[in-house]
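Asks: For the protein sequence lines, the chains are A and B, in the order given.
All residue numbers for the first sequence refer to numbering that gives the first Met the number 0, where the first residue is 0 and numbers rise by one.
All residue numbers for the second sequence refer to numbering that gives the first Met the number 0, where the first residue is 0 and numbers rise by one.
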Amino acid sequence: MIINHPHLGPRDAQEFVYLGDASLMDRPDWQDENAADNFHDYLYLRDNPDGEHRELWYHEQGDRSWLVVTRNTLTHEITRVELARDVAIAMRRRK
Amino acid sequence: MGYSGWKVIWQGLTGNTGWKPAWREPDPKPSYDVIIVGAGGHGLAAAYYLAKEFGITNVAVIEKGWLGSGNIGRNTTIIRSNYLLPGNEPFYEFSMKLWEGLEQDFNYNAMVSQRGILNLCHSDPQRDAFNRRGNSMRLAGADAVLLDADGVREMCPFLDFDNARFPIKGGILQPRGGTVRHDAVAWGYARGADSQGVDIIQNCEVTGFVMESGVCMGVETNRGTIRAKKVGVAVAGSSGRVMAKAGMRLPIESHVLQAFVTEGLKPVLPGVITFGAGHFYVSQSDKGGLVFGGDIDGYNTYAQRGNLPVVEDVCEGGMAIMPMIGRTRLLRSWGGIMDMSMDGSPFIDKTHIDGLYFNGGWCYGGFKATPASGFCFAHLLAKDEPHPTATKYRLDRFRRGAMIDEKGVGAQPNLH
Ligand SMILES: Cc1cc2nc3c(=O)[nH]c(=O)nc-3n(C[C@H](O)[C@H](O)[C@H](O)COP(=O)(O)OP(=O)(O)OC[C@H]3O[C@@H](n4cnc5c(N)ncnc54)[C@H](O)[C@@H]3O)c2cc1C
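1. Quick one: which chain A residues come within Cβ less than 8 angstroms of B:Y107?
2. Please go through the stretch 253–313 of chain B and give each complete beta strand (DSSP E) segment of 3 or more residues, from N-terminal end onward.
3. Can you have a look at B:T16 and say buried or exposed, based on whether 16 or more other CB atoms are within 10 angstroms of its CB?
4. Quick one: does the C-beta of B:E335 sit closer than 7 angstroms to a heavy atom of ligand 1?
5. Roughly how many whole angstroms lie between the Cα atoms of A:G61 and B:V309?
6. Along chain B, in chain order, which residues have C-beta atoms closer than 8 angstroms to that of A:E54?
7. For B:R132, which residues in the same chain have their Cβ closer than 8 angstroms to its Cβ, ignoring the five residues on either side in sequence?
8. Which residues in the same chain as B:C155 place their Cβ atom closer than 8 angstroms to its Cβ, once the five residues preceding and following it in sequence are excluded?
9. To which residues of the same chain is A:F15 closer than 8 angstroms at the C-beta, ignoring the five residues directly before and after it?
10. So, does the CB of A:H4 fall closer than 8 angstroms to a CB anywhere in chain B?
11. Buried or exposed for B:H254, going by 16 or more other Cβ atoms inside 10 Å?
12. Measuring straight from C-alpha to C-alpha, what distance separates B:S30 and B:V232?
13. If you measure beta-carbon to beta-carbon, which residues of the stretch 247–276 of chain B are closer than 8 angstroms to chain A?
14. How close, in whole Å, do the beta carbons of B:T350 and B:S282 come, if the pair is a contact with beta carbons under 8 angstroms?
15. Would DSSP call B:G400 helix, strand or coil?
16. Are B:F105 and B:Y47 close, meaning C-beta to C-beta below 8 angstroms?
17. For the 8 angstroms Cβ check, are there 3 or more pairs between the stretch 319–338 of chain B and the stretch 69–78 of chain A?
18. Under 8 angstroms by Cβ, that's how I've got B:A258 and B:W333 pegged, so tell me the actual separation to the nearest angstrom.
19. Answer yes or no: the CB of B:Y361 versus the heavy atoms of ligand 1, is any distance below 7 angstroms?
20. How big is the Cα-Cα spacing for B:G67 and B:G39?
21. Residues of the stretch 123–139 of chain B with a CB closer than 7 angstroms to any CB of chain A: list them in chain order, please.
22. Sorry if obvious, but does the Cβ on B:L256 come closer than 7 angstroms to a heavy atom of ligand 1?
23. Using only the alpha-carbon positions, how far apart do B:G275 and B:I403 sit?
24. Tell me which residues share the same chain as B:S135 and place their Cβ nearer than 7 angstroms to its Cβ, disregarding the 5 neighbours each side in the sequence.
25. Any idea if B:E315 is buried or exposed, counting beta-carbon neighbours within 10 angstroms, 16 or more meaning buried?
26. Under 7 angstroms from any heavy atom of ligand 1, does the C-beta of B:S68 make it?
27. Identify the contact partners of A:D49 in chain B, using a Cβ-Cβ distance below 7 angstroms as the criterion.
28. Quick one: which residues of the stretch 54–88 of chain A get their C-beta closer than 7 angstroms to a C-beta of chain C? List them in chain order.
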């Protein structure tokens, strides 16, 4: 698989470390009433969809950036690559 | 029709014209007592034991492709019961005992071959850990032998003992471990279940569940609605997307695992050998090919094929302990989708939805579990309580802090 890095261009997926579903960026609030339940779901449960999946990749053998990659889990086709930083900032703005 | 050596000889002399299909191809009935989704090893075994041990024969096994098209026909066929934790080891030892009597039990040659499994160790702490694991195995009635480097050398003189990075310091041997012909396991269970009246319905994909006032009353399929008092799902790598149809999120990610086979060689490997510093396991098939594998590719996928970096990584692991394999040519490689659970251990449990039962999370070690998984799932479906060896395989164990973490590394979906 080739990941089209926003700064570095096309890079082999082998240079990256995979973390999982991009929803992991959205940590639950520890002060919430249901924090224990929310953290259980956050830590252990996954949507695990077939088809489009937004996921976190870390460019360990490169510029050490975290990326949010949109990839199809049935075909391995990558349709979108964003810097996780940008996604996180946009997420915070929306909150 | 029973199989026997005489029958093979007789049929051989009479032109092999007297064999009948090993199972029927029935159309689905409108309703059953129990529906099992997924005709892999676990689903077929569950149906077999439901009929044989628990007297429930009004059962259908529903399979989207052909029976045995999933991981049961894709794995590297290793069986063992060399686990550490009390939640696991009695279950896997139960499975080993079932393997030992399986062929007589279901009258089918599954080529159960207890040629031994040897896990190599490469450091003193690793030997201590193996020592502990061996003791835990023996407490559960399994067999384990701790070998020093000379003991390993006697068995496998061809290993790279003095490797600069990972010298071989010894190993733990389970003589009763080994390999089983994986397709034959599916076929044997299918034939055994079918002959007791179980309907195996192939080319029938489950597309949803029939829910009535919060109770699961059957399944929707591309061949219509089929009703049942109880539905048991055993779809391995597809667990996530199938249970999503019941609105459930699971502690599971789907990943691809690849396997490899070389050209046929004369007998070189005495049994199964695993590398203790990287991830590589190898055995030799009866046809002579070296069958081996390593790590999962490591990203979510439902595509039954992997990528090249893992091919390289697995072969490097092989070269590190067994440089002689560098001379053989790889014939084939393939992939299967694994239901990787968050602690590397499986689930055999009722769900929070009445009538809906789940069996999954087998990661890439579910083949060895096939007989016990089928037996325990049948027990749960028949009696609504877990089999004594499978009481810890609960879906809510993470919430309770009761995970079964063999590797001791916390929650991550890439464990064995
Ligand atoms: C490459 C590889 C190597 C492995 N090596 C080993 C090993 O050496 N030792 C070991 O113990 N384990 C090993 N495993 C793991 C083992 O094969 C699996 O854990 C085990 O086979 C899973 O259970 P199963 O046989 O029931 O799965 P499967 O055979 O995958 O059965 C699941 C079935 O469900 C069907 N299904 C899916 N969705 C639907 C639907 N919607 N409707 C109807 N049917 C559906 C599928 O078509 C499939 O036939 C390996 C796996 C792989 C891929």
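Note that CB positions come from ideal geometry on N, CA and C, so glycine has one too.
Replies: The structure says:
1. By one-based count along the second sequence, residue 107 of chain B stands at place 108. Residues of chain A passing the Cβ test: none, with the nearest at roughly 34 angstroms.
2. 271–273, 280–283, 288–299
3. Reading the second sequence from its first residue, position 17 is the one you call residue 16 of chain B. Answer is exposed; the Cβ neighbour count stays below 16.
4. Counted from its first residue, the second sequence places residue 335 of chain B at position 336. Note that residue 335 of chain B is Gly in the sequence shown here, rather than Glu. Result yes, Cβ under 7 angstroms from ligand 1.
5. Reading the first sequence from its first residue, position 62 is the one you call residue 61 of chain A. Reading the second sequence from its first residue, position 310 is the one you call residue 309 of chain B. Near 19 angstroms, if we compare the C-alpha coordinates of B:V309 and A:G61.
6. Taking the first sequence and counting its residues from 1, one reaches residue 54 of chain A at position 55. The contacting residues are Y298, N299.
7. The residue you call residue 132 of chain B lines up with position 133 of the second sequence. Cβ within range, chain order: N81, Y82, L83, A143, I171.
8. In the second sequence, residue 155 of chain B corresponds to position 156, counting from 1. Answer for B:C155: L117, L268, P269, I272, listed in chain order.
9. On the first sequence, position 16 is the one that residue 15 of chain A refers to. Counting only Cβ-Cβ distances below 8 angstroms, and skipping sequence neighbours, we find I2, W56, Y57, H58, E59, Q60, G61, L66.
10. For this step, residue 4 of chain A is matched to residue 5 along the first sequence. It does not: the Cβ of A:H4 has no partner Cβ on chain B nearer than 8 angstroms.
11. The count along the second sequence starts at 1 and reaches residue 254 of chain B at position 255. Flag for B:H254 reads buried.
12. Here residue 30 of chain B corresponds to residue number 31 of the second sequence, with the count starting at 1. Here residue 232 of chain B corresponds to residue number 233 of the second sequence, with the count starting at 1. Straight-line Cα distance between these residues: approximately 16 angstroms.
13. R248, L249, P250, I251, E252, S253
14. Taking the second sequence and counting its residues from 1, one reaches residue 350 of chain B at position 351. Taking the second sequence and counting its residues from 1, one reaches residue 282 of chain B at position 283. Contact doesn't hold; Cβ gap of about 36 angstroms is too wide.
15. For the purposes of this step, residue 400 of chain B is taken as residue 401 along the second sequence, with counting starting at 1. B:G400 carries a coil assignment under DSSP once its states are collapsed to helix, strand and coil.
16. Here residue 105 of chain B is taken as the residue at index 106 of the second sequence, counted from 1. Here residue 47 of chain B is taken as the residue at index 48 of the second sequence, counted from 1. Yes, Cβ-Cβ distance for B:F105 and B:Y47 is below 8 angstroms.
17. no
18. Within the second sequence, the letter at position 259 stands for residue 258 of chain B. Within the second sequence, the letter at position 334 stands for residue 333 of chain B. Sure, about 6 angstroms apart at Cβ, within 8 angstroms.
19. Working through the second sequence from its first residue, we reach residue 361 of chain B at position 362. Note that residue 361 of chain B is Trp in the sequence shown, not Tyr. Because some heavy atom of ligand 1 lies under 7 angstroms away, the Cβ of B:W361 counts as near it: yes.
20. In the second sequence, counting from the first residue as 1, residue 67 of chain B sits at position 68. In the second sequence, counting from the first residue as 1, residue 39 of chain B sits at position 40. Going by the C-alpha atoms only, they are around 5 angstroms apart.
21. none
22. As a first step, residue 256 of chain B is located in the second sequence; it is residue number 257 there, counting from the start. It does: the Cβ of B:L256 is within 7 angstroms (strictly closer) of some heavy atom of ligand 1.
23. Residue 275 of chain B sits at position 276 when you count from the first residue of the second sequence. Residue 403 of chain B sits at position 404 when you count from the first residue of the second sequence. If you draw a straight line from the Cα of B:G275 to the Cα of B:I403, it is about 21 angstroms long.
24. Position 136 of the second sequence holds residue 135 of chain B. Listed in chain order, the non-local C-beta contacts of B:S135 below 7 angstroms within the same chain comprise L83, E88, local neighbours out to five positions each way being set aside.
25. Mapped onto the second sequence, residue 315 of chain B falls at position 316. Counting Cβ neighbours within 10 Å, B:E315 comes out exposed, since fewer than 16 surround it.
26. Within the second sequence, the letter at position 69 stands for residue 68 of chain B. At least one heavy atom of ligand 1 is nearer than 7 angstroms to the Cβ of B:S68, so yes.
27. Locating residue 49 of chain A in the first sequence gives position 50, where the first residue counts as 1. Within 7 angstroms Cβ-Cβ: R240, Y301.
28. No chain C is part of this structure, whose protein chains are labelled A and B.
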